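Before any comments, here is the structure.
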Amino acid sequence: MTRHDVAIVGGGIMGSAVACFLKRLSRACDVVVIEPDRTYAFASTPRASGGARRQFSCPENIAMSTFSIPFIERAGEELAVDGEPAHVDWRQGGYLFIVGPGHVDILRANADVQQAHGVLADWLDADGLHARFPSMNLDGIAAGVHTPEDGWCDPSGLLQAFRRKARSLGVAYRDDRVVGVDHDARAARGVRLQSGASIAADHVVNAAGAWAKEIAAMVGMPLPVEPLRRFEHYFETPNAIEPLPYVKDMARLAFRPEGRGYSGGLVDRDEARGFNFDVDHGWFERVVWPALAHRFPAFEACRCERTWSGLYEQNELDGNPVIGNWAGRLDNFHVVAGFSGHGMMHAPAAGRAIAELIVHGRFETIDLARLSYRRIADNAPYPERGIV
Ligand SMILES: Cc1cc2nc3c(=O)[nH]c(=O)nc-3n(C[C@H](O)[C@H](O)[C@H](O)COP(=O)(O)OP(=O)(O)OC[C@H]3O[C@@H](n4cnc5c(N)ncnc54)[C@H](O)[C@@H]3O)c2cc1C
Numbered sequence: 000m001t002r003h004d005v006a007i008v009g010g011g012i013m014g015s016a017v018a019c020f021l022k023r024l025s026r027a028c029d030v031v032v033i034e035p036d037r038t039y040a041f042a043s044t045p046r047a048s049g050g051a052r053r054q055f056s057c058p059e060n061i062a063m064s065t066f067s068i069p070f071i072e073r074a075g076e077e078l079a080v081d082g083e084p085a086h087v088d089w090r091q092g093g094y095l096f097i098v099g100p101g102h103v104d105i106l107r108a109n110a111d112v113q114q115a116h117g118v119l120a121d122w123l124d125a126d127g128l129h130a131r132f133p134s135m136n137l138d139g140i141a142a143g144v145h146t147p148e149d150g151w152c153d154p155s156g157l158l159q160a161f162r163r164k165a166r167s168l169g170v171a172y173r174d175d176r177v178v179g180v181d182h183d184a185r186a187a188r189g190v191r192l193q194s195g196a197s198i199a200a201d202h203v204v205n206a207a208g209a210w211a212k213e214i215a216a217m218v219g220m221p222l223p224v225e226p227l228r229r230f231e232h233y234f235e236t237p238n239a240i241e242p243l244p245y246v247k248d249m250a251r252l253a254f255r256p257e258g259r260g261y262s263g264g265l266v267d268r269d270e271a272r273g274f275n276f277d278v279d280h281g282w283f284e285r286v287v288w289p290a291l292a293h294r295f296p297a298f299e300a301c302r303c304e305r306t307w308s309g310l311y312e313q314n315e316l317d318g319n320p321v322i323g324n325w326a327g328r329l330d331n332f333h334v335v336a337g338f339s340g341h342g343m344m345h346a347p348a349a350g351r352a353i354a355e356l357i358v359h360g361r362f363e364t365i366d367l368a369r370l371s372y373r374r375i376a377d378n379a380p381y382p383e384r385g386i387v
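In numbering that gives the first Met the number 0, the protein residues as written are 0 to 387.
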């Protein structure tokens, strides 16, 4: 049996960000990350689209973006190791939410909240949209909000940068799988591994992404986080389009420029939950392409070059993450999961928040109490409004 101050279950972007910020806040903190697959073949992070935006309605999500996006922009220095910069390929391409007449009021209210939190969020009516994005078909579209300081990065690069930085700060990564969490009535005591080894720890962090529910069940904690498959596509068109931001609409069509083409998809909210990585090669042609070609006729001639699948760690209660400990039950068992499609962009802020809880016993920089486990226990959803 080895012993550590903190054992982190899952070494994806969330676990690695928690590890980095723990070492930033307390160099003496002895941290181990348990990750069964150092290639991250099925982890969500490397399969993500890389988008990072401030367009949310919940102030907590806006605040997490306001910290995380500049952090990602500066990741070269923030996550440099021995003077060698990290490479995350940040592009400040902006984000654009577009809505029909039925959603104008909620979009306006959300833009007001964002602006009140210091976000540069430009309101565009139909004329404004046409002037900025002349290739867009405005049929059914009444308004949009453009946040030019948002953008996207290489999610795999960001994960590897966090992992490399964590290791350089003394965090241990163990190639193993957690098969049990030792606990008594008041506290988690450590984790048991597939190899047969055990690790004793003062704190256990559940950062297992789409597998987080399984880890929570090991201590009897009900966690409504389910794997939700979605497809991401890389596609190209021979037709010219003005430079586009990351475009999202209320039907969950979302895409952005990538190299000579575009990367994006359309989430199926009715998708059966489960660990399914099969690719439906007809999805693009049946669903995504018609939606794209309707909104931007230049995509009539587009060709899908590649499709891959990945899992959202979907919080079925309200689509927002669970960030915090199991207060009043196992105070030293922490969850950072359920980001429902926002996890890459919020990893820096969420990692720092869990590190603050462990080192200082409270959230110090962003008050994330409303995203804690309490709302799950109370069955009190705290969803985004008008943001998909
Ligand atoms: C197609 C797609 C597009 C996306 N686009 C975006 C986007 O544009 N912007 C954005 O912010 N987010 C996006 N996301 C969401 C984002 O990818 C996730 O929210 C984020 O990667 C979650 O990080 P994580 O570290 O919690 O999970 P993961 O990266 O999945 O890491 C969890 C780790 O836990 C490990 N694990 C599992 N079980 C165990 C166990 N028993 N013991 C130890 N370890 C275990 C796994 O091996 C895995 O490596 C997208 C997701 C998908 C699928």
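C-beta atoms are modelled at their ideal positions from N, C-alpha and C, and glycine is treated no differently.
These figures come from a predicted structure and were not determined experimentally.
Closer than 8 Å: Gly-156 CB and nearest ligand 1 heavy atom: Checking the Cβ of Gly-156 against ligand 1 gives no.
Hey, would you say Ala-108 sits closer than 9 Å to Ser-56, going by beta carbons? yes
With distances taken from CA atoms, which of Asp-104, His-202, Ile-7 and Glu-76 is nearest Val-358? Selected option, being the one with the closest Cα: His-202.
Pick out whichever of Pro-237, Gly-195 and Trp-151 has its Cα sitting closest to the Cα of Glu-304. Pro-237
Could you tell me whether the Cβ atoms of Pro-223 and Leu-316 are closer together than 9 Å? yes
Look at the alpha carbon of Phe-332 and the alpha carbon of Arg-176, and state the distance between them as a whole number of angstroms. Take the alpha-carbon of Phe-332 and the one of Arg-176: they are about 18 Å apart.
Would you mind stating whether Leu-408 and Phe-41 have Cβ atoms separated by less than 9 Å? No answer is possible for residue 408: it lies beyond the span of the chain, which begins at 0 and ends at 387.
Identity of the residues DSSP links to Glu-231 by a beta bridge: Trp-307
If you run the structure through DSSP and keep just helix, strand and coil, what is Ile-140? coil
Please determine whether the Cβ atom of His-341 lies at a distance below 8 Å from any heavy atom of ligand 1. yes
Does the Cβ of Gly-327 have 16 or more other Cβ atoms within 10 Å, making it buried, or fewer, making it exposed? exposed
The beta strand (DSSP E) that contains Glu-213, what's its start and end? No beta strand (DSSP E) holds Glu-213; the alpha helix (DSSP H) holding it covers 211 to 216.
When we look at the beta-carbon of Gly-337 and count the other beta-carbons within 10 Å, is it buried (16 or more) or exposed? With 16 or more Cβ atoms within 10 Å of its Cβ, Gly-337 is classed as buried.
Are the beta-carbon atoms belonging to Ala-209 and Phe-161 less than 9 Å from one another? no
Give a yes or no on whether the C-beta atoms belonging to Val-190 and Val-8 are separated by under 9 Å. Result yes, Cβ atoms of Val-190 and Val-8 sit closer than 9 Å.
Ser-167 versus Leu-158: straight-line alpha-carbon distance, rounded: 14 Å
Return the residue from the list Pro-320, Leu-227, Pro-226 and Val-204 that minimises the CA-CA distance to Val-218. Val-204
Please indicate yes or no: does the CB of Ala-196 lie closer than 8 Å to some heavy atom of ligand 1? no
Give a single yes or no on whether Asp-126 has its beta carbon closer than 8 Å to a heavy atom of ligand 1. no
Could you tell me the distance, in whole angstroms, from the CA atom of Gly-117 to the CA atom of Ile-353? 25 Å
If you measure between the beta carbons of Gly-260 and Pro-154, is that distance less than 9 Å? no
Taking the alpha carbon of Ile-322 as the point to measure from, which residue in Leu-265, Val-17, His-3 and Gly-10 has its own alpha carbon closest? Val-17
Using C-beta distances below 6 Å, list every residue in its chain close to Leu-252, excluding the 5 sequence neighbours before and after it, in chain order. Leu-265 and Ala-290
Limits of the unbroken alpha helix (DSSP H) element including Glu-77: 74 to 77
Give me the Cβ distance between Gly-14 and Ser-43, rounded to the nearest whole Å; I'm assuming they're in contact under 8 Å. Going by Cβ atoms, the distance from Gly-14 to Ser-43 rounds to 12 Å, so no, they are not a contact pair.
Taking C-alpha atoms, which residue in Gly-169, Gln-313 and Ser-67 lies nearest to Val-32? Closest option to Val-32, Cα to Cα, is Gly-169.
Identify the continuous alpha helix (DSSP H) that holds Thr-29 and give its terminal residues. According to the sequence displayed, residue 29 carries Asp and not Thr. Segment: none, Asp-29 is in no alpha helix (DSSP H) and carries neither H nor E.
Looking at the unbroken alpha helix (DSSP H) that takes in Leu-370, where does it start and where does it end? Per DSSP, Leu-370 belongs to no alpha helix (DSSP H) and is neither H nor E.
Whose C-alpha, out of Gly-93, Ala-74 and His-182, is nearest the C-alpha of Ala-200? His-182
If you draw a straight line from the alpha carbon of Phe-20 to that of Gly-281, how long is it in whole angstroms? 42 Å
Which complete alpha helix (DSSP H) runs does the segment 154 to 220 hold, if anything under 4 residues is left out? 154 to 167 and 211 to 216
Measure from the alpha carbon of Ala-297 to the alpha carbon of each residue in Ala-211, Leu-356, Ile-61 and Pro-242, then state which is nearest. Pro-242
DSSP state of Asp-126 mapped onto helix, strand, coil: helix
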